[in-house]
Ligand SMILES: Cc1ncc(COP(=O)(O)O)c(C=O)c1O
């Protein structure tokens, strides 16, 4: 039952908002009060078409009945069970359900509460795995420039977004980075770009510099989302897989955005035909409804820990809320909803329509690049001289006033609508953005 709409509060001081221009927001708040399917309702009652699946997470759209009911019912049956040395059935059921849709070879699931925790968990498993096998010199972690792996110290260390790193000291030691894959010759590419597979060879340079025997893992987003939607060049991920395997280095795909259907397959690993050693996921796992993340691992990684006396804990890691029963219920209902509505492959059905729509913006003012894949896309704008990010931010605000929710990072507009979007709604989203662009300064 919808709640009575609450009046917007008029004292906004106490809440320090994350990744937000707090002073700007509080001077002109953009409040959302309700949501259903493809739309948010703003505090003033306007319907806002969701072009970003919340924050890349509500893949089945909003307030979906099955998920809502599962959460409501579970919370009255088993609200919490200790995560350490105790179990409950839903956690086991969910792990099997995730493995069922995961790429071949991903056989175990470790739960956490967010993408950031999933990343830190995967990095820790990588380090501990090598140590468990007696290969304890492998302590280096390799990320990639412009990568986003959440905001934990592990994630910002392997991540490559400058503002997420520069304010926070020396970060983890022993981390290096591959170059990003955003090449000017790939401008206006539909789908995977042609140029840049050779950038994976940079791993050979890092191996030559540090010694393969010191490197534990490489972590990349198979398609980099938060940095502004950067596609992997054709052949790039395959090369990275070959090189990591050749040098005994684990490959981690951070699928916090690409997991659960964003590119038209359950995971990007399946979409690109490249299976890593670990996958991190979160967001779409519960349709964004309850915080939950997970790390999927190969049997080889899991089994390396299963040794020694049986009463000894094999991995000294976990969270109070790992596999929380209510999160598990939300995730199972989410996977049911995805399966019943064919959502994990729907992006591939809509991809052509999405692609043509978004590329229709190519000759709009200030547009310098457009890229797309599955149900994700980016429109990159030329910055206003001396004011990087201002043009896209102003467009984000104008777009909200015009009834659509988009996301901006620097001067890049990113869109990733819920996978239930209709073709008419794609046209509405892009048409409205086009009008906003035409009137932009
Ligand atoms: C690839 C990737 N990894 C990790 C994260 C962090 O997830 P969270 O915000 O749930 O900690 C994100 C969030 O956008 C992400 O896109």
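Residue numbers (our numbering): 22 to 462.
No residue lacks a Cβ here, since even glycine has one placed at the ideal position from N, Cα and C.
Short Cβ contact (9 Å threshold) for residue i with residue j
i	j	result
residue 237	residue 306	no
residue 329	residue 68	no
residue 216	residue 254	yes
residue 413	residue 429	yes
residue 325	residue 104	no
residue 410	residue 404	yes
residue 344	residue 111	yes
residue 95	residue 349	yes
residue 171	residue 197	no
residue 89	residue 158	no
residue 175	residue 193	yes
residue 79	residue 303	no
residue 218	residue 199	no
residue 138	residue 173	yes
residue 74	residue 437	yes
residue 444	residue 374	yes
residue 357	residue 145	no
residue 283	residue 397	yes
residue 212	residue 376	yes
residue 29	residue 50	yes
residue 92	residue 347	yes
Paired residues, beta bridge with residue i - DSSP
i	result
residue 302	315
residue 133	314
residue 449	Answer by DSSP bridge pairing: none, since residue 449 is not bridged.
residue 83	58
residue 198	164
residue 73	BP columns for residue 73 are empty, so no partner.
residue 399	392, 435
residue 239	163, 272
residue 127	319
residue 95	Answer is none; residue 95 lacks a bridge partner.
residue 68	62
residue 430	433
residue 211	393
residue 53	63
residue 251	245
residue 405	408
residue 425	70
Identity of the residue in the options nearest residue i by Cα
i	options	result
residue 115	457, 419, 354	354
residue 359	82, 340, 33, 137	82
residue 168	461, 247, 285	247
residue 312	340, 441, 296, 176	340
residue 131	148, 65, 119	119
residue 279	146, 393, 109	393
residue 351	159, 178, 310	310
residue 338	193, 250, 143, 213	143
residue 54	84, 368, 384	84
residue 399	209, 363, 373	209
residue 408	129, 391, 432, 426	432
residue 451	66, 72, 62	72
residue 101	273, 361, 342, 322	342
residue 291	122, 46, 108, 61	122
residue 285	263, 51, 270, 363	363
residue 270	49, 173, 59, 151	151
residue 129	298, 274, 444, 192	298
residue 231	266, 195, 259, 218	195
residue 462	437, 336, 406	406
residue 422	38, 457, 445, 266	457
residue 391	249, 335, 259	249
residue 366	374, 321, 281, 385	281
residue 268	252, 283, 87, 225	225
residue 46	453, 418, 447	418
residue 184	245, 40, 385	40
Rounded Cβ spacing between residue i and residue j (contact assumed at less than 8 Å)
i	j	result
residue 455	residue 371	Their Cβ separation, rounded to whole angstroms, is 19 Å, which puts residue 455 and residue 371 out of contact at 8 Å.
residue 134	residue 314	6 Å
residue 257	residue 301	Incorrect: roughly 19 Å between the Cβ atoms, too far for contact.
residue 126	residue 319	5 Å
residue 288	residue 276	5 Å
residue 4	residue 441	Outside the shown range of the chain (22 to 462) lies residue 4, about which nothing can therefore be said.
residue 63	residue 52	7 Å
residue 239	residue 273	7 Å
residue 70	residue 426	7 Å
residue 262	residue 295	5 Å
Residue i: CB within 8 Å of a non-hydrogen atom of ligand 3
i	result
residue 238	Absence of ligand 3 is noted for the structure shown, with ligand 1 being the only ligands found.
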